[in-house]
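Residue numbers (the numbering used here), protein chains in the order written: chain S, 20 to 257; chain E, 20 to 257; chain G, 20 to 257; chain V, 20 to 257; chain C, 20 to 257; chain Y, 20 to 257. Cβ atoms here follow ideal geometry from the backbone N, Cα and C, with glycine treated the same way. Note that the structure is a prediction, hence the values are computed from the model and not measured. Reading through the structure tokens given below for one structure.
6 protein chains.
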Amino acid sequence: MRPSGRAPDQMRTITMEPDFTVHAEGCCLVSFGQTRVLVTASVEERVPPFMRGKGEGWVTAEYGMLPRATHTRGQREAAKGKQSGRTQEIQRLIGRSLRSVMDMKKLGERQITLDCDVIQADGGTRTASISGAWVAMRIAVDKLLASGAIKEDPILQKVAAISCGIYKGTPVLDLDYDEDSNAEADANLILTGDGKFAEVQATAEGATYDEEELLRLLRLARIGCTQIFAAQDKATGR
Amino acid sequence: MRPSGRAPDQMRTITMEPDFTVHAEGCCLVSFGQTRVLVTASVEERVPPFMRGKGEGWVTAEYGMLPRATHTRGQREAAKGKQSGRTQEIQRLIGRSLRSVMDMKKLGERQITLDCDVIQADGGTRTASISGAWVAMRIAVDKLLASGAIKEDPILQKVAAISCGIYKGTPVLDLDYDEDSNAEADANLILTGDGKFAEVQATAEGATYDEEELLRLLRLARIGCTQIFAAQDKATGR
Amino acid sequence: MRPSGRAPDQMRTITMEPDFTVHAEGCCLVSFGQTRVLVTASVEERVPPFMRGKGEGWVTAEYGMLPRATHTRGQREAAKGKQSGRTQEIQRLIGRSLRSVMDMKKLGERQITLDCDVIQADGGTRTASISGAWVAMRIAVDKLLASGAIKEDPILQKVAAISCGIYKGTPVLDLDYDEDSNAEADANLILTGDGKFAEVQATAEGATYDEEELLRLLRLARIGCTQIFAAQDKATGR
Amino acid sequence: MRPSGRAPDQMRTITMEPDFTVHAEGCCLVSFGQTRVLVTASVEERVPPFMRGKGEGWVTAEYGMLPRATHTRGQREAAKGKQSGRTQEIQRLIGRSLRSVMDMKKLGERQITLDCDVIQADGGTRTASISGAWVAMRIAVDKLLASGAIKEDPILQKVAAISCGIYKGTPVLDLDYDEDSNAEADANLILTGDGKFAEVQATAEGATYDEEELLRLLRLARIGCTQIFAAQDKATGR
Amino acid sequence: MRPSGRAPDQMRTITMEPDFTVHAEGCCLVSFGQTRVLVTASVEERVPPFMRGKGEGWVTAEYGMLPRATHTRGQREAAKGKQSGRTQEIQRLIGRSLRSVMDMKKLGERQITLDCDVIQADGGTRTASISGAWVAMRIAVDKLLASGAIKEDPILQKVAAISCGIYKGTPVLDLDYDEDSNAEADANLILTGDGKFAEVQATAEGATYDEEELLRLLRLARIGCTQIFAAQDKATGR
Amino acid sequence: MRPSGRAPDQMRTITMEPDFTVHAEGCCLVSFGQTRVLVTASVEERVPPFMRGKGEGWVTAEYGMLPRATHTRGQREAAKGKQSGRTQEIQRLIGRSLRSVMDMKKLGERQITLDCDVIQADGGTRTASISGAWVAMRIAVDKLLASGAIKEDPILQKVAAISCGIYKGTPVLDLDYDEDSNAEADANLILTGDGKFAEVQATAEGATYDEEELLRLLRLARIGCTQIFAAQDKATGR
């Protein structure tokens with residue numbers, strides 16, 4: 020049995036609250052159970068140096084965790100003077116995932132930065148970040164379309180992410196912190212609205228896994244992402 | 020007339036929502052109008068090296084602003100690799116203010132860290148931080164008292180902070196961003212529950228000021244802090 | 020057709036030269052075609068702070084690339100003052116992979132650090148690093164066994180890693196730089212000697228992929244790892 | 020009684036030695052008793068990025084303390100790799116104070132940097148820095164006027180700074196180190212030649228203070244600044 | 020007797036293997052006994068800011084040591100976040116030495132960067148680096164001449180470096196690690212092909228030395244450099 | 020002719036003012052013409068980690084330059100966040116020179132730190148630093164002897180340093196900035212009171228030099244150091 024009493028293929032409650040803050044072009048406060056991430060999408064009319072002059076846009080992401088988002092206080096990265104390897108790995112994954120559904124030519128020479136700040140952590144912060152970032156990006160792009168700044172919708176698909184893992188021998192969906200810290204294997208799976216994969220990352224933690232187990236995780240992920248896509252539709256009024 | 024239509028001695032709406040997150044020993048989401056700061060109080064059973072072995076506690080603070088708390092996106096300090104001078108100045112002020120009402124002997128050899136993270140900025144983030152930090156600290160200390168970890172209440176007074184300034188020649192209370200960026204003088208005033216000052220900082224911005232003007236700012240601050248003290252009482256159930 | 024003229028399931032020539040340098044407890048100069056990585060295994064009789072006093076060991080890795088390992092000179096990370104996100108992501112992956120086949124209790128309270136320095140890069144540096152690191156670690160552990168410092172072999176399995184990808188619509192094995200920079204999807208797959216997975220990372224680069232394609236990449240990886248395991252056996256005299 | 024035997028409203032001996040070094044456009048070695056600060060004013064024909072193209076100038080300051088300016092050796096900030104929060108707070112205050120008396124349009128598109136390096140510390144280093152920086156800036160601007168580089172004097176007023184505090188219950192002027200480290204309240208007050216305030220900073224240190232006490236500190240500051248203005252006139256030959 | 024059994028004026032075996040790696044414009048793997056340094060010469064068609072627009076070139080060097088080049092593992096400078104004083108001192112010396120034989124006008128507005136990475140250390144890494152860097156630079160310049168990018172050979176002389184020292188009272192040539200760590204004096208001597216000095220650095224380590232001893236070290240260095248020049252000729256096919 | 024009109028073997032005026040500041044155990048303001056360096060010697064009853072428990076002491080040095088010690092303002096190293104390679108090279112040289120005349124056993128388990136801060140620069144700042152550091156160290160050690168903290172004088176010799184160079188073909192003594200920036204060769208020579216060398220560093224700058232020229236520089240250095248030793252005796256009352 021799972022510590023939370025959930026069935027193996029049962030997600031936590033997902034909420035996606037758009038416009039939690041007012042300044043950003045797009046904003047979404049996303050919750051997967053007790054995990055809560057504030058995502059903002061900022062549109063800037065410039066691209067990074069390596070993209071200049073190509074007439075194409077760019078999507079990037081930054082990730083952070085408030086020092087007391089966790090059970091015990093973690094050191095503030097700004098005070099420490101650098102971002103951890105974990106932080107950098109996560110923000111690279113978020114950026115890559117969102118870029119996988121963006122047509123950079125249609126976006127035009129502008130950049131969207133997705134800031135994902137974890138307000139409260141209970142497992143699955145990177146997957147909640149990706150799922151919420153899509154909502155914030157969708158809202159920001161809708162404004163660009165409404166204002167006429169861009170002509171054609173550059174977003175090709177929805178994208179959602181979910182964690183799965185093997186916990187006490189059973190593949191389970193949407194790990195919370197208790198499960199995550201004891202799982203034998205831990206996967207982050209990123210799917211697009213048409214059922215394809217943007218990224219699969221499945222890591223052994225204490226026990227290696229076989230192909231059959233991997234396939235069962237992929238199937239759980241499909242169940243989860245279907246629910247996330249529905250929440251994304253609701254949050255963006257589609 | 021003020022851009023917001025407020026009277027010169029009129030505060031913005033103050034809200035103080037305790038327990039916005041679950042992990043910290045104390046938590047308060049404080050709003051002064053559109054300025055919103057999430058404050059957590061973390062209790063740790065250790066003190067910094069310079070305080071060890073004295074049987075006394077310590078209170079410190081850290082301050083941060085989410086990159087898109089502001090009208091345009093600011094660079095993330097963790098990515099830049101250092102905290103700005105402004106950030107350090109503010110977090111030093113917050114820590115000093117909260118220490119001014121704490122009896123370190125009664126607190127015992129433990130540390131309370133107040134993390135003040137600005138979710139949305141519209142002027143007065145440092146004063147909202149201080150005012151909210153007192154609530155988070157009060158909640159955390161109440162738990163220490165309830166558990167018997169400390170015997171006597173170490174908090175000597177409430178402490179509240181408010182900004183005032185001279186805007187188009189008129190002293191006004193609780194500056195929002197529009198006023199703050201155009202004020203001739205700008206003051207941050209920190210009062211304790213018994214009507215005394217913990218800190219006065221009044222800075223000329225384009226025009227110097229005289230003693231009469233300073234006194235008018237001090238009087239406005241008393242009006243504001245009375246309302247903040249009431250909000251603190253309500254939030255902590257006193 | 021592949022730029023190199025190789026068949027889709029054809030590896031580049033693998034060489035693993037043990038003891039290329041003399042000071043380290045284990046050393047392997049590994050080549051996958053023109054990609055060459057010097058790996059050393061250093062044994063130290065101490066563990067990091069979070070592992071102290073548990074009677075267990077630790078395995079960690081660091082990764083670097085000589086500035087002119089690549090077609091154009093890259094900036095030296097030591098001169099820049101920090102390791103890139105890519106470097107950190109890779110060295111975390113290497114460490115995790117090697118830990119997945121190590122019994123930390125049998126290793127005892129000591130640390131093995133695997134330094135993977137890329138002398139020449141032509142795609143697949145992280146997978147060559149993992150494959151070569153196993154050899155360096157095996158040599159170092161054999162010395163610990165020979166000296167009696169540890170009693171039972173703590174290495175549970177061999178571990179090998181290989182990159183695969185979808186290049187011009189075809190799943191291909193062991194990407195070189197030309198393929199890697201143009202692939203539609205790119206996977207790094209890490210297998211243990213008993214045919215299980217330690218890690219699967221499959222990333223869309225321009226086109227998302229479906230489950231069938233993922234499975235074809237997994238099958239290619241098995242072909243590649245079989246050859247790497249043979250090279251590891253040969254290099255370690257098994 | 021004060022440790023130094025001074026009366027409550029008695030300053031330490033002030034000396035201001037212009038041209039202590041030869042390269043800078045303006046220079047002043049300022050002493051308040053044993054506190055000695057070497058200030059140089061450097062004129063550069065460029066302004067920081069945020070000021071470019073406005074036809075206006077800028078004034079900024081940097082502050083440092085030689086490692087053995089104090090009773091015990093402090094770590095060198097250049098060796099530590101960063102400036103402390105205290106250093107940044109002080110140099111921001113110095114810059115702000117000097118800008119409050121400068122007409123940036125008349126200065127023209129050039130920058131004056133005031134480097135304040137504490138040779139020996141005995142309390143009041145930031146106020147000595149500000150008072151001496153005005154002299155160095157005055158000398159540098161006089162050279163710009165003499166050379167015809169600027170036509171009209173851009174300096175609007177003198178500016179001087181002094182510390183006051185409440186020591187054993189008595190408001191006292193110009194705290195030395197012994198008083199500073201034991202004061203109940205500590206204020207840095209910055210006045211302009213026409214008797215107005217550029218900045219008031221009054222901080223409780225162990226005991227909060229009331230409005231009456233604040234007013235007594237303001238009055239002491241007027242006494243002190245009158246003497247500093249006289250020393251500035253003498254040093255600049257006015 | 021020397022620990023290695025060598026005669027006082029006997030060098031270790033020198034090997035210089037050009038083209039050890041393929042991407043760099045010039046490359047040399049140099050060995051002095053067990054000391055092995057991989058040097059690459061990278062040609063870039065730009066110069067540093069302080070040289071721009073003069074029609075002249077620049078030669079610079081960077082130095083690094085793989086963490087396990089030494090008997091015990093050293094911390095990776097990229098992970099530590101800065102280059103040590105020793106590293107910086109050495110790379111400055113290498114750059115200066117190579118610049119001393121380059122005619123910057125004939126080189127034209129381009130930069131040659133010499134990356135010297137120590138694969139294995141046994142004393143004399145800086146002198147091996149300089150000697151090998153000349154070979155890598157020679158190869159890179161030969162390509163520029165062959166391609167017609169430059170018309171006249173800009174290299175004025177060969178340059179070679181060797182360490183000498185006073186070990187147990189006797190001046191000896193080409194110190195290995197055992198000697199280096201116990202020498203009373205330690206010199207690095209850099210000679211050009213015409214027998215002149217580019218740099219002399221002779222340091223007392225535990226005992227000061229007199230002029231006679233210095234002269235004996237200079238004479239040993241001539242013996243050593245003659246052999247290095249021959250190895251350079253052989254490696255570059257002259 | 021030299022720009023200053025000095026004869027080739029003529030030093031600039033040397034002054035050594037002890038006790039320029041009050042807090043340090045030893046202090047010397049040293050001038051070689053317009054070059055002025057403030058040196059303090061700080062005694063601490065602890066040694067760095069690598070020296071602990073040996074019953075021996077340590078001598079180390081730090082070097083800095085005030086931003087406007089030079090003709091044009093240089094960036095403050097504390098603001099830049101790191102010490103330059105030049106700074107590190109110089110402070111390593113100063114420490115090494117002073118250690119060459121100290122008996123660490125007699126000093127006992129304590130550390131002397133020599134802080135050399137350049138107030139005004141006109142060539143020869145590193146040699147002035149070394150020469151003045153000896154005075155500061157001598158004063159500090161005399162206090163340790165006077166207090167009985169150490170029994171026997173641990174200072175073995177005086178140590179002095181001087182720069183020489185080849186300027187327009189002529190070997191000259193004690194280069195000022197004009198000469199230094201145009202010299203064909205530039206040497207820093209460090210002698211002990213008994214006429215031996217602690218360090219010789221002679222660098223070609225644009226033209227290499229031969230053994231005869233090196234010997235002429237060594238002879239000039241002897242002339243200079245004789246005068247410095249006399250100034251050191253006078254400053255320390257010997």
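Residues bridged to F51 (chain G) [DSSP beta-bridge criterion]:
Along the third sequence, one-based indexing puts residue 51 (chain G) at 32. Answer by DSSP bridge pairing, in chain order: G:I33 and G:T54.
Partners in chain Y for G151 (chain V), counting only beta-carbon separations shorter than 8 Å:
Here residue 151 (chain V) refers to the residue found at position 132 of the fourth sequence. Simply none; closest approach about 14 Å.
Neighbour list for K101 (chain S) in chain E, Cβ cutoff strictly below 8 Å
The sequence position of residue 101 (chain S) within the first sequence is 82, counting from 1. Simply A97 and G100.
Candidates G:T34, G:F216, G:C183 and G:G214: closest to N207 (chain G) by CA position
Residue mapping note: residue 207 (chain G) aligns to position 188 of the third sequence, counting from 1. Of G:T34, G:F216, G:C183 and G:G214, the residue nearest in Cα terms is G:C183.
In or out: T32 (chain G) buried (at least 16 other Cβ within 10 Å) or exposed?
Counting from 1 along the third sequence, the entry for residue 32 (chain G) is found at position 13. Counting Cβ neighbours within 10 Å, T32 (chain G) comes out exposed, since fewer than 16 surround it.
Cross-strand partners of W77 (chain S) (DSSP beta bridge):
Stepping through the first sequence from its first residue, residue 77 (chain S) is reached at position 58. In DSSP, W77 (chain S) forms a bridge with S:Q130.
Using the three-state DSSP reduction, which class does L259 (chain Y) fall into: helix, strand or coil?
This structure cannot speak to residue 259 (chain Y), because chain Y is shown only from 20 to 257.
Do you know offhand how far E36 (chain S)'s Cα is from C244 (chain V)'s?
Numbered from 1 along the first sequence, position 17 holds the residue referred to as residue 36 (chain S). Numbered from 1 along the fourth sequence, position 225 holds the residue referred to as residue 244 (chain V). Computed Cα separation, rounded: 57 Å.
Buried or exposed: where does A43 (chain E) fall if 16 or more other Cβ atoms within 10 Å of its Cβ makes it buried?
Indexing the second sequence from 1 puts residue 43 (chain E) at position 24. Counting other Cβ atoms within 10 Å of its Cβ, A43 (chain E) reaches 16 or more and is therefore classed as buried.
Contact list for the region 134 to 150 of chain G against chain C, Cβ threshold 7 Å:
D134, D136, I138 and Q139
With a 10 Å radius around its C-beta and 16 neighbouring C-beta atoms as the bar for buried, classify R71 (chain E) as buried or exposed.
Taking the second sequence and counting its residues from 1, one reaches residue 71 (chain E) at position 52. R71 (chain E) comes out exposed.
Does the beta-carbon of G151 (chain G) have 16 or more other beta-carbons within 10 angstroms, so that it is buried, or is it exposed?
The residue you call residue 151 (chain G) lines up with position 132 of the third sequence. G151 (chain G) comes out buried.
Go through the region 88 to 160 of chain E residue by residue and report every complete run of the beta strand (DSSP E) that reaches 3 residues or more, in order.
130 to 139
Give me, in chain order, the residues of the same chain whose beta-carbon lies closer than 6 Å to that of P86 (chain V); leave out the 5 immediate sequence neighbours on both sides.
On the fourth sequence, position 67 is the one that residue 86 (chain V) refers to. Here the set comprises R92, G93 and R95.
Which first and last residues belong to the beta strand (DSSP E) in which L175 (chain V) is found?
On the fourth sequence, residue 175 (chain V) is found 156 positions in, with the first residue counted as 1. Counting along the chain, L175 (chain V) falls outside any beta strand (DSSP E), and DSSP gives it neither H nor E.
If we cut at 9 Å on Cβ distances, does A43 (chain C) have a partner in chain G?
As a first step, residue 43 (chain C) is located in the fifth sequence; it is residue number 24 there, counting from the start. Taking Cβ atoms only, chain G reaches closer than 9 Å to A43 (chain C), which makes this a yes.
Could you spell out where the alpha helix (DSSP H) holding D197 (chain Y) opens and where it closes?
As a working note, residue 197 (chain Y) is residue 178 in the sixth sequence. Note, D197 (chain Y): alpha helix (DSSP H), Y196 to D199.
Any idea if A240 (chain Y) is buried or exposed, counting beta-carbon neighbours within 10 angstroms, 16 or more meaning buried?
In the sixth sequence, residue 240 (chain Y) corresponds to position 221, counting from 1. By the C-beta density criterion, A240 (chain Y) is buried, having at least 16 other C-beta atoms within 10 angstroms.
Ordered along the chain, which non-local residues of its own chain (more than five positions away) have a Cβ less than 7 Å from that of P173 (chain V)?
Here residue 173 (chain V) is taken as the residue at index 154 of the fourth sequence, counted from 1. Counting only Cβ-Cβ distances below 7 Å, and skipping sequence neighbours, we find M121, D122, K125, L126 and V160.
Which residues in the same chain have their Cβ closer than 7 Å to the Cβ of L233 (chain S), if we skip the five residues on either side of it in sequence?
Here residue 233 (chain S) refers to the residue found at position 214 of the first sequence. Counting only Cβ-Cβ distances below 7 Å, and skipping sequence neighbours, we find A221.
Please confirm whether Q246 (chain G) has its beta-carbon closer than 9 Å to some beta-carbon of chain S.
As a first step, residue 246 (chain G) is located in the third sequence; it is residue number 227 there, counting from the start. Not closer than 9 Å to any Cβ of chain S, the Cβ of Q246 (chain G) fails to qualify, so no.
Helix, strand or coil at M84 (chain G) [DSSP, three-state]
The sequence position of residue 84 (chain G) within the third sequence is 65, counting from 1. In this structure, M84 (chain G) counts as strand in the three-state DSSP scheme.
Is the beta carbon of S148 (chain Y) closer than 9 Å to that of V137 (chain Y)?
Walking along the sixth sequence from the start, residue 137 (chain Y) turns up at place 118. Walking along the sixth sequence from the start, residue 148 (chain Y) turns up at place 129. Yes, the Cβ-Cβ distance between V137 (chain Y) and S148 (chain Y) is below 9 Å.
Taking only beta-carbon atoms, is Y228 (chain C) less than 9 Å away from chain Y?
In the fifth sequence, residue 228 (chain C) corresponds to position 209, counting from 1. Y228 (chain C) counts as touching chain Y.
F268 (chain Y) - containing alpha helix (DSSP H), residue span
Here chain Y has residues from 20 to 257 only, and residue 268 (chain Y) is not among them.
With A206 (chain Y) as the anchor, note down where its beta strand (DSSP E) starts and where it stops.
Working through the sixth sequence from its first residue, we reach residue 206 (chain Y) at position 187. Note, A206 (chain Y): beta strand (DSSP E), A204 to T211.
Nearest candidate by alpha-carbon position, reference Q29 (chain V), set V:D38, V:F51 and V:V41:
Here residue 29 (chain V) refers to the residue found at position 10 of the fourth sequence. Closest by alpha carbon: V:F51.
Please state the DSSP three-state secondary structure of F216 (chain E).
Counting from one through the second sequence, the residue named residue 216 (chain E) turns up at place 197. Three-state DSSP puts F216 (chain E) in a strand.
Return the residues of the region 193 to 221 of chain S that lie within a Cβ-Cβ distance of less than 7 Å from chain D, sorted by chain order.
No chain D is part of this structure, whose protein chains are labelled S, E, G, V, C and Y.
S61 (chain V) touches chain Y at which residues, Cβ-Cβ below 7 Å?
Within the fourth sequence, numbered from 1, the residue matching residue 61 (chain V) stands at position 42. Correct list: R87 and R92.
Residue(s) in a DSSP beta bridge with G72 (chain C)
Within the fifth sequence, the letter at position 53 stands for residue 72 (chain C). For G72 (chain C), which the question treats as bridged, DSSP gives no partner whatsoever.
Distance, Cα to Cα, R129 (chain C) vs L175 (chain C)?
What you label residue 129 (chain C) is simply residue 110 of the fifth sequence in a count that begins at 1. What you label residue 175 (chain C) is simply residue 156 of the fifth sequence in a count that begins at 1. Cα to Cα, R129 (chain C) sits roughly 17 Å from L175 (chain C).
State buried or exposed for P22 (chain E), treating a residue as buried only when at least 16 other CB atoms are found within 10 Å of its CB.
Taking the first residue of the second sequence as position 1, residue 22 (chain E) is located at position 3. The residue in question, P22 (chain E), is exposed, as its Cβ has fewer than 16 Cβ neighbours within 10 Å.
At the level of alpha carbons, what is the spacing between Y196 (chain C) and L133 (chain E)?
Along the fifth sequence, one-based indexing puts residue 196 (chain C) at 177. Along the second sequence, one-based indexing puts residue 133 (chain E) at 114. Roughly 53 Å between the two C-alpha positions.
Of the residues G:A60, G:M84, G:T189 and G:L210, which one's Cα is nearest the Cα of Q231 (chain G)?
Along the third sequence, read from residue 1 onward, the residue named residue 231 (chain G) stands at position 212. The displayed chain sequence assigns Glu, not Gln, to residue 231 (chain G). For E231 (chain G), the nearest C-alpha among the options comes from G:T189.
So with Cβ pairs under 9 Å, would you call G72 (chain G) a contact of chain C?
Against the third sequence, residue 72 (chain G) aligns to sequence position 53. Not an interface residue.
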